Amino acid sequence: MPSIVHACRFRLVALAGAITALAACADIPQDPERTEALVRETGVIRLGWVGGAEPADAGTEALRKLSSRTDARIERHDGESDRILHDLADGKLDLVYGHFPKKSPWAREVHFGSALGWRAEPPDEKFAPRFAMRNGENGWIMMVEAASQP
């Protein structure tokens, strides 16, 4: 009998551990800087647009979806890429659109999304239309990436 009791206790402890682990995952992905929540609260997506970047149809459609899903309007700020990406990293912008290589020197500071309008990811050094988002804002990143899918 002690082995049956021991086995039941073990199963209960394992079940409690699994429930605790699942509960801890409930808030993932998170936005430590609250990007998605602030977009929804303010009703504005502060979009940095790198000067000279031609709009990709997939990017325009993604912005339309984001605007609709968050009930927020797009507030566009044009500028040179380094300044715009710096403003993104500093939290002055929520999203940046431009043509960037995946392997950009900025990749340590910001997250570059998937190449827009490409069936497969281009080589890391190839400039492609894509969005950049603040590192760590995982809920926002997932929302932008979902809106970027055809």
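Counted the way mature numbering (1 follows the signal peptide of the UniProt record, and there is no 0) counts, the sequence shown spans residues -26 to -1, 1 to 124.
Just so it is clear, CB atoms sit at the ideal spot from N, CA and C, and this is done for glycine as well.
Because the structure is a prediction, the values reported are computed rather than measured.
Are there 16 or more other CB atoms within 10 angstroms of the CB of Ser42, so buried, or fewer, so exposed? exposed
For Pro29, which of helix, strand or coil comes out of DSSP? coil
Rounded separation between Gly26 and Asp5 - CA only: 30 angstroms
With DSSP as the reference, please indicate the residues paired to Pro103 in a beta bridge. His73
Between the alpha carbons of Glu28 and Leu37, how many angstroms are there, rounded? 14 angstroms
Quick check on residue 125: buried or exposed, where buried means 16 or more other Cβ atoms within 10 Å of its Cβ? Since the first residue of the chain shown is -26 and the last is 124, residue 125 is not available in this structure.
Cut-off 6 angstroms between Cβ atoms - residues of its own chain near Ile115, not counting five sequence neighbours on either side: His85 and Met107
So what does DSSP say about Leu21, is it helix, strand or coil? strand
Around the Cβ of Thr9, are there at least 16 other Cβ atoms within 10 angstroms (buried) or fewer (exposed)? buried
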